[in-house]
Amino acid sequence: VAAPTNPFTMTGLNPDTCYTFYVRAVCSASDSSTWSDGVNATTQQIPPACGGTFTDPGGASGQYANNANVTTTICPTNAGDLVTVIFTSFNLENNFDNLLVYDGNNTANLIGTYTGTALPPIITSTAANGCLTFVFTSDGSVVRDGWVANIICSPPPACQQPTALTVSNITENSATLSWTELNAGVNSWQVVVQPAG
372 VAAPTNPFTM
382 TGLNPDTCYT
392 FYVRAVCSAS
402 DSSTWSDGVN
412 ATTQQIPPAC
422 GGTFTDPGGA
432 SGQYANNANV
442 TTTICPTNAG
452 DLVTVIFTSF
462 NLENNFDNLL
472 VYDGNNTANL
482 IGTYTGTALP
492 PIITSTAANG
502 CLTFVFTSDG
512 SVVRDGWVAN
522 IICSPPPACQ
532 QPTALTVSNI
542 TENSATLSWT
552 ELNAGVNSWQ
562 VVVQPAG
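Here this note's numbering is used: the first residue of the sequence shown is 372, the next is one more, and so on.
This is the structure:
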């Protein structure tokens with residue numbers, strides 16, 4: 372591309388893509404310098420939004436950097452919707468690099484901390500604003516591929532989630548569950564139990 376000025380802004384690049392840039396001087400139609408050394412740079416990611424993809428700071432095809440401390444808040448486009456994030460890949464340095472997920476547009480209500488290679492669960496906001504906030508930190512050594520997740524925004528289900536789940540009367544082979552039901556007229560529930568972790 373002919374660069375009529377120095378500095379020159381290259382446009383038409385793809386987001387979240389690593390490029391190698393070179394430049395050479397053109398002194399006349401028949402006289403040009405050799406190409407400069409290449410410089411690598413990655414274009415910025417498209418901010419995560421409903422219907423899009425959410426990745427670690429290294430992007431979908433790169434590794435994240437050491438000493439990262441990145442906060443990302445994803446909010447729904449339409450008022451009343453809730454953000455849901457579904458991870459399709461996840462690879463962080465176990466116990467040293469962490470992704471903390473908070474309910475809402477701040478870091479007041481921690482949902483969970485995720486590290487290692489196990490996919491986090493599907494996470495849906497329960498905050499009034501429908502947002503989720505992610506805080507990613509990495510230590511000073513060892514990087515991994517990070518994560519890729521799909522973002523879905525939709526209205527909350529009409530059938531509300533039971534709250535205040537408690538476990539009592541625990542024996543060798545049984546436990547009694549109790550919860551607060553927020554839906555009128557419900558007389559049937561499903562229960563799932565699995566080993567912790």
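All C-beta atoms, glycine included, are put in the ideal place defined by N, C-alpha and C.
- For Asn469, same chain residues with a beta-carbon under 6 Å away, outside a window of 5 residues either side, are Thr484, Thr486 and Thr508 in chain order.
- For Ile482, the closest alpha carbon among the candidates Thr442, Ile494, Cys421 and Thr391 is that of Ile494.
- Within a 10 Å sphere around the beta-carbon of Leu536 sit fewer than 16 other beta-carbons, which makes this residue exposed.
- For Ser509, there is no enclosing beta strand (DSSP E), as DSSP gives it neither H nor E.
- Distance from the CA atom of Arg515 to the CA atom of Leu463, rounded to whole angstroms, is 5 Å.
- The bridge partners DSSP lists for Ile523 are Thr455.
- About 5 Å separates the beta carbons of Leu503 and Ser496, which is inside the 8 Å limit, making them a contact pair.
- Counting along the chain, Ser539 sits inside the beta strand (DSSP E) bounded by residues Thr534 to Ser539.
- Pairing Thr448 with Cys524 gives a Cβ-Cβ distance under 9 Å.
- Separation of Leu548 and Pro492 (C-alpha to C-alpha, rounded to the nearest whole angstrom) is 22 Å.
- When secondary structure is reduced to three states using DSSP, Val472 falls in the strand class.
- Nearest to Trp406 by alpha-carbon distance, out of Thr414, Val397 and Ala412, is Val397.
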